[in-house]
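The next block holds one structure in the form of structure tokens; read it before the comments.
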Amino acid sequence: MPSNYFEIVEDPIDTKDIIQKVEDRNAGAITTFIGTVREMTGEKRTIYLEYQAYKPMAEKMLEQIGQEINDRWPGTHVAITHRIGSLAIADIAVVIAVSSPNRKPAYEANEYAIERIKQIVPIWKKEQWEDGAAWIGDQLENVSYPTGKPETNGGDHND
Amino acid sequence: MIKVLLFAQLQEEAQTDVIEIDFQEGTVTELKKILQSQFDFSQLSESMFAINEAYALEHDVVKSGDTVAVIPPVSGG
Chain A
-13 MPSNYFEIVE DPIDTKDIIQ KVEDRNAGAI TTFIGTVREM TGEKRTIYLE
37 YQAYKPMAEK MLEQIGQEIN DRWPGTHVAI THRIGSLAIA DIAVVIAVSS
87 PNRKPAYEAN EYAIERIKQI VPIWKKEQWE DGAAWIGDQL ENVSYPTGKP
137 ETNGGDHND
Chain B
422 MIKVLLFAQL QEEAQTDVIE IDFQEGTVTE LKKILQSQFD FSQLSESMFA
472 INEAYALEHD VVKSGDTVAV IPPVSGG
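Those sequence lines, one after another, are chains A and B. The C-terminal residue of the first sequence carries number 145 in the working numbering, and the numbering is unbroken. The C-terminal residue of the second sequence carries number 498 in the working numbering, and the numbering is unbroken.
Shown next, in the form of structure tokens:
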């Protein structure tokens, strides 16, 4: 699988490019997840976000997620691109495209991908709010990892 | 000598993204103690470690020449 199916980029993501990577004559479905920068989180207003990555490892982990998906849902194609740097409200942070012969695996695998990104991919987000800034920890609230490290062998994700 | 990469909050606390430590061979736990004694990190206990871009456990061994990344809780997506 070419490594450019799993990329960390600094420029805006063109969703169409990511979808094109998974197009296939035998695909009956392509699902796309687009993660965007939200302005309001409860009462807090975000001004912008700063994403940082450990790029070589992050790309490896994205590729591993693709492999996990191929193992669990045979016949799927996966492409994931995550943007880093400074992102404004409504900018696209991540695009995940999954194609499969039938629609259900495309939906399931796509959700699996975003959950795994939040578990194992070394990317961090700094929220710049109206009244301050903070690096955001684990959104799944798994502040400590029960097994001592993130489950990187395709273990079950949290629902 | 090992290279230690820092990210997010840890990077700001150390005011650098990479530090070099004279470390011949030892476990992640041993390295963690050295880091904690040299820097006032707030998130070290909940951070994961990676040796040469692969997640490592506390008892895994770090050797001179390795690149170690200290990975605070991630938040991609």
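We treat Cβ as the ideally placed atom computed from N, Cα and C, and that holds for glycine.
query	result
Cα separation between A/P108 and A/V64?	19 Å
Give me the chain B residues within the contact set of A/I66, using Cβ-Cβ distance strictly less than 9 Å, ordered along the chain.	Those within 9 Å of A/I66 in chain B number zero; the least Cβ separation is about 10 Å.
Please list the segments of the beta strand (DSSP E) lying wholly inside the segment -8 to 21 of chain A, counting only runs of 3 or more residues, in order along the chain.	-8 to -5
Report yes or no: do three or more beta-carbon pairs, one from the segment -2 to 11 of chain A and one from the segment 39 to 50 of chain A, lie closer than 8 Å?	no
Compare the C-alpha of B/Q432 against each of A/Y40, A/I106, A/T32 and name the closest.	A/Y40
Distance, Cα to Cα, A/P87 vs A/T18?	15 Å
Thinking B/I492 and B/V483 are a contact (beta carbons under 8 Å), I'd like their distance in whole angstroms, please.	14 Å between Cβ atoms; not a contact.
Could you check whether the Cβ of B/E474 sits closer than 8 Å to any Cβ belonging to chain A?	yes
Can you check which of these residues, A/K112, A/A13, A/I16, is closest to A/I70 by C-alpha distance?	A/K112
Near A/E25, what residues of its chain come up, given a Cβ to Cβ distance below 7 Å and the 5 sequence neighbours on each side ignored?	R31, T32, I75
Under 8 Å by Cβ, that's how I've got B/F460 and B/E434 pegged, so tell me the actual separation to the nearest angstrom.	6 Å
Using the Cβ count rule (16 or more neighbours within 10 Å means buried), how would you classify A/E127?	Caution applies to A/E127, whose pLDDT of 46 falls short of 50 and renders its modelled position unreliable; the model cannot decide the point.
Would you call A/E(-7) buried or exposed, if buried means 16 or more other Cβ atoms sit within 10 Å of its Cβ?	buried
Output the distance between the C-alpha atoms of B/V425 and A/L35, rounded to the nearest integer angstrom.	26 Å
Which one of A/A83, A/Q50, A/I51 has the shortest CA to CA distance from A/A13?	A/A83
With distance defined between alpha-carbon atoms, name the residue in A/E116, A/I122, A/Q53, A/W115 nearest to A/K104.	A/I122
Specify the secondary structure class of A/T32 as computed by DSSP and reduced to three states.	strand
Among residues of its own chain, excluding the 5 on either side of A/R77, which ones have a beta-carbon nearer than 6 Å to its beta-carbon?	Reading off the sequence, residue 77 of chain A comes out as Asp, not Arg. The answer, listed in chain order, is V23.
Output yes if chain A places a C-beta closer than 8 Å to the C-beta of B/F428; else output no.	yes
In whole angstroms, what is the alpha-carbon distance linking A/Q53 and A/R102?	12 Å
Under 7 Å Cβ-Cβ, which residues of chain B neighbour A/I103?	G497, G498
Using CA atoms only, rank isn't needed, just tell me which of A/W110, A/P91, A/E97, A/V80 is closest to A/Y(-9).	A/V80
Compare the C-beta of B/I423 with all C-beta atoms of chain A and state if any pair is closer than 8 Å.	no
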